[in-house]
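Contents: one structure, followed by commentary.
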Amino acid sequence: MGAAGPSNDVLDEIFNRTINSRSIFLNRDVLRNDYIPDHILFRDDQISQFGSILAPILRGNKPSNIFLYGKTGTGKTVVARYVTKKLYERILKLNLNTKFLYINTRLASTQYKMLVELGAQLDISLPFTGLSLSEAASRIFDKMKRDGINTIIILDEIDYIVKNYDDNILYEFTRVNNELLNGNFISIIGISNDLKFKEYLDPRVLSGLSEEEMVFPPYTVDELEAILTDRIKTAFRPGVVSESAVKLCASLAASEHGDARRAVDLLRVAGELAEREGSDVVDTDHITKASRSIERDRTYEVIRSLPLHGKLILAAVLAAVLAAPEDINTGRLYSNYTSMARSLGVEPLTQRRISGILSELDVLGVVNAPVVSNGRFGRSKRVKLVVPREVVSRALQEDELISSILK
Ligand SMILES: Nc1ncnc2c1ncn2[C@@H]1O[C@H](COP(=O)(O)OP(=O)(O)OP(=O)(O)O)[C@@H](O)[C@H]1O
Numbered sequence: 001m002g003a004a005g006p007s008n009d010v011l012d013e014i015f016n017r018t019i020n021s022r023s024i025f026l027n028r029d030v031l032r033n034d035y036i037p038d039h040i041l042f043r044d045d046q047i048s049q050f051g052s053i054l055a056p057i058l059r060g061n062k063p064s065n066i067f068l069y070g071k072t073g074t075g076k077t078v079v080a081r082y083v084t085k086k087l088y089e090r091i092l093k094l095n096l097n098t099k100f101l102y103i104n105t106r107l108a109s110t111q112y113k114m115l116v117e118l119g120a121q122l123d124i125s126l127p128f129t130g131l132s133l134s135e136a137a138s139r140i141f142d143k144m145k146r147d148g149i150n151t152i153i154i155l156d157e158i159d160y161i162v163k164n165y166d167d168n169i170l171y172e173f174t175r176v177n178n179e180l181l182n183g184n185f186i187s188i189i190g191i192s193n194d195l196k197f198k199e200y201l202d203p204r205v206l207s208g209l210s211e212e213e214m215v216f217p218p219y220t221v222d223e224l225e226a227i228l229t230d231r232i233k234t235a236f237r238p239g240v241v242s243e244s245a246v247k248l249c250a251s252l253a254a255s256e257h258g259d260a261r262r263a264v265d266l267l268r269v270a271g272e273l274a275e276r277e278g279s280d281v282v283d284t285d286h287i288t289k290a291s292r293s294i295e296r297d298r299t300y301e302v303i304r305s306l307p308l309h310g311k312l313i314l315a316a317v318l319a320a321v322l323a324a325p326e327d328i329n330t331g332r333l334y335s336n337y338t339s340m341a342r343s344l345g346v347e348p349l350t351q352r353r354i355s356g357i358l359s360e361l362d363v364l365g366v367v368n369a370p371v372v373s374n375g376r377f378g379r380s381k382r383v384k385l386v387v388p389r390e391v392v393s394r395a396l397q398e399d400e401l402i403s404s405i406l407k
């Protein structure tokens with residue numbers, strides 16, 4: 001029973017410390033990603049432009065469909081939610097039969113699940129399987145017609161559904177007209193952090209969807225600092241977060257592009273680390289540790305969600321790094337990959353496709369694969385793993401098939 005004693009003591013100590021110490025947080029929830037702050041800073045122009053485009057709703061008229069573009073963490077979702085929340089308060093006062101529906105298409109994951117979720121927000125339950133997409137969409141339209149509802153559908157991360165499937169469902173929504181809806185309307189607000197997303201759309205869908213477009217620029221370091229300082233006032237007890245921690249947090253979040261999501265996430269994770277350590281301040285050390293931990297989690301998730309051949313290529317990179325860390329050329333990689341694929345009974349992709357996947361892994365920040373000239377031998381890529389090996393290996397181990405070939 002010796003082992004039970006100390007572990008009980010440790011637990012008692014942790015619990016007592018939590019009970020007896022004051023939390024450094026005033027309200028941790030304001031650091032969650034879905035929190036809508038009272039002040040949205042530096043976005044007055046976008047808020048008024050978006051508000052003006054949607055305002056016709058208050059007279060019962062259909063507003064234009066809109067696309068909101070901008071890199072991650074530039075405030076697209078928070079502005080969309082803030083304006084639609086304010087608008088909805090007016091809609092309720094005016095007793096209008098207008099609804100806002102919100103779907104994150106990546107989280108919904110398939111076009112059909114997207115419709116099921118939309119249906120649920122309109123109080124109709126669609127079966128989980130068995131209907132064609134157009135049948136499911138018409139049940140939604142019928143419900144709107146029957147109840148005389150106007151809807152504004154916000155499709156967040158809209159690029160996900162289009163890149164992974166097609167734009168049929170968007171076509172259904174843009175095609176639906178007055179007559180079909182008995183004079184009611186559907187407007188679409190699409191949100192995307194991929195500026196090239198439009199290239200994936202069929203021109204008929206594109207012209208219907210992007211009647212208006214708004215671009216959200218990245219924040220500057222100073223803007224991120226102001227956003228953080230404002231959020232800290234409600235999130236933490238006074239004096240907990242040091243000024244240098246705020247500065248570091250803002251500059252790390254601005255290192256790729258001014259990303260407020262990264263800034264707020266860093267602050268939340270740093271606060272949690274500080275609290276767990278029993279520290280009553282959040283300092284630069286906590287921000288640095290938080291940054292490492294978030295980066296690891298991000299890499300892990302990116303690798304875990306790669307398709308099979310992406311994982312296989314990464315497994316081949318890993319094997320090559322272990323054999324000769326300094327010299328991974330595409331030739332070596334391709335032969336590693338081919339033998340791994342064959343050992344799993346999977347048909348290997350062509351070298352050209354592999355090269356494309358390596359470029360994608362480069363964009364994702366997992367490998368560095370610049371094209372280098374080999375003189376008369378032509379061009380090839382020299383590949384480097386730019387994330388910790390152990391994170392790659394851990395993420396690949398999660399895939400049952402891949403783990404069977406990892407040593
Ligand atoms: N101008 C701002 N003022 C205050 N907080 C902001 C501002 N812009 C963004 N934030 C905060 O940053 C986080 C990310 O913002 P948001 O979700 O709107 O980004 P996004 O552009 O939609 O990013 P993604 O494309 O990744 O979904 C949220 O916590 C949000 O509250």
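Take 1 as the starting number for the sequence shown in UniProt numbering and just add one per residue. Glycine included, C-beta positions come from ideal geometry on N, C-alpha and C.
When DSSP builds the beta bridges, which residues end up paired with residue i?
i	result
L101	I153
V367	L385
N25	The question names Asn, yet the displayed sequence has Phe at residue 25. Beta-bridge pairing links F25 to F236.
K329	Reading off the sequence, residue 329 comes out as Asn, not Lys. Answer is R382, bridged to N329.
Output needed for residue i: all residues of its chain with C-beta closer than 7 Å, excluding positions within five of it in sequence on either side, in chain order.
i	result
L96	G60
R146	none
R43	G75, V79
V176	F141, I186
T77	D156, I191
H309	L349, I357
R262	G73, A253
K163	Y200
I354	I313, Y334, Y337
S23	E275
Quick one: measure Cβ to Cβ for residue i and residue j, integer angstroms, because I've assumed they're closer than 8 Å.
i	j	result
K311	D194	Actually they do not touch by this definition, with Cβ atoms about 22 Å apart.
P218	K71	6 Å
T299	V387	5 Å
F128	N150	About 27 Å separates the two Cβ atoms, so there is no contact after all.
G119	A260	Between A260 and G119 the Cβ distance is about 33 Å, and since that is not below 8 Å, they are no contact.
I191	E157	7 Å
V264	L31	6 Å
K241	V282	Before going further, note that residue 241 is Val rather than Lys in the sequence given. That belief holds up - the Cβ atoms of V241 and V282 are roughly 5 Å apart, short of 8 Å.
I169	F100	Not really, about 18 Å apart at Cβ, beyond 8 Å.
In chain order, what residues of the same chain have a beta carbon less than 6 Å from the beta carbon of residue i, not counting five sequence neighbours either side?
i	result
H257	K71, P218
G2	Because the pLDDT at G2 is just 45, under 50, the model does not fix this residue reliably, and the value given afterwards should be weighed accordingly. Taken in chain order, the list of residues that qualify is empty.
P56	P63
residue 409	This structure does not reach residue 409, given that the chain is present from 1 up to 407, and the question cannot be answered.
E212	I53, S64, I66
R296	V391
V321	L385
E223	F42
Compute every distance between the C-beta of residue i and the non-hydrogen atoms of ligand 3, then say whether any falls below 7 Å.
i	result
N95	Summarising the ligand content, the structure contains ligand 1 and does not contain ligand 3.
Among the residues of its own chain, which have a CB less than 8 Å from the CB of residue i, if the five just before and after it don't count?
i	result
L58	L87, R90, I91, L94, L96
V221	A250, S251, A254, G258
G51	V83, K86, L87
I405	A315, M340, S343, L344
L396	I303, K311, L314, A315, L318, I402, S403, L406
R17	G278
I47	I40, V79, Y82, V83
T284	S242, S244, A245, L248
E347	A341
F377	Note that F377 has pLDDT 49, beneath the 50 cutoff, so the model's placement of it is unreliable and the number below is only indicative. Closer than 8 Å at the Cβ level, and outside the excluded window around F377, lies no residue.
D202	D167, Y171
I294	R262, D265, L266, V269
R394	Y300
Contained alpha helix (DSSP H) runs [length at least 4] in the region 282 to 308, N- to C-terminal order: 284 to 304
task: Ignoring anything shorter than 3 residues or poking outside the region 168 to 242, list the beta strand (DSSP E) runs there in chain order.
output: 186 to 192, 212 to 216
- request: Could you tell me which uninterrupted alpha helix (DSSP H) segments, each at least 4 residues in length, are contained entirely in the region 48 to 106, listed from first to last along the chain?
  value: 76 to 93
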